Amino acid sequence: MENAAKKASVIAEYTGYLTLADDAGLEVDALNGVPGINSKRWAGEDATDAIRIAKLLQALEGVTDRRARFVAAIAVVHPDSTPEGVLGVCDGHIRHAPVGESGFGYDPVFVPDGYEQTFAELGEEIKNRISHRAKALEQALALL
0 MENAAKKASV
10 IAEYTGYLTL
20 ADDAGLEVDA
30 LNGVPGINSK
40 RWAGEDATDA
50 IRIAKLLQAL
60 EGVTDRRARF
70 VAAIAVVHPD
80 STPEGVLGVC
90 DGHIRHAPVG
100 ESGFGYDPVF
110 VPDGYEQTFA
120 ELGEEIKNRI
130 SHRAKALEQA
140 LALL
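Numbering of the sequence shown is given in numbering that gives the first Met the number 0, commencing with residue 0 and proceeding in unit increments.
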């Protein structure tokens, strides 16, 4: 939440407008929450999605408990006010190999609870309805 609040506060102060900012990441139980907010940079600054996925799968090699969750924090800052924030969580697990063409990031290996397909297989419409960001945004709308 801290990163989202910092981003929103800086922009709100600069513009004088209501500002929303988010921060998100993938938390893997067997890796003590890693990669977390460093999900994009975890495999290196210039790493591609394929490299990030390969690093994750290598870290989970031989691991049976593959529970994970995507977490999104959204901060809302009204000019001259304290940031308010919400969290959206989408629980699931990590597959042993990537499947699907849709989406980005870890979508080809993340299977949300209640589904048998990865985010990349489910497609944009379903993902946008059940994702961590969708859940956080729904809550953030109440703060506007």
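The C-beta atom is built at its ideal place from N, Cα and C for all residues, glycine as well.
Predicted model only: the values in this text are computed from it and were never measured.
{"Asked": "Member of T81, E120, I125 whose CA lies at the smallest distance from the CA of V98", "Found": "E120"}
{"Asked": "Rounded C-alpha distance that separates V88 from H131", "Found": "5 Å"}
{"Asked": "Span of the beta strand (DSSP E), counted from its first residue to its last, around E83", "Found": "83 to 93"}
{"Asked": "D22 - partner residues in DSSP beta bridges", "Found": "A72"}
{"Asked": "Counted within 10 angstroms of its Cβ, other Cβ atoms place D22 as buried (16 or more) or exposed", "Found": "buried"}
{"Asked": "Residues that Y67 bridges to, as DSSP identifies them", "Found": "Here the sequence assigns Ala to residue 67, which means Tyr is not the residue at that position. Beta-bridge pairing links A67 to V27, G91."}
{"Asked": "Integer Cβ distance of Y16 from P78, believed to fall under 8 Å", "Found": "7 Å"}
{"Asked": "Nearest-angstrom Cβ-Cβ length linking I93 and A67, presumed shorter than 8 Å", "Found": "5 Å"}
{"Asked": "Neighbour-count burial assignment, F103, 16 or more Cβ in a 10 Å radius", "Found": "exposed"}
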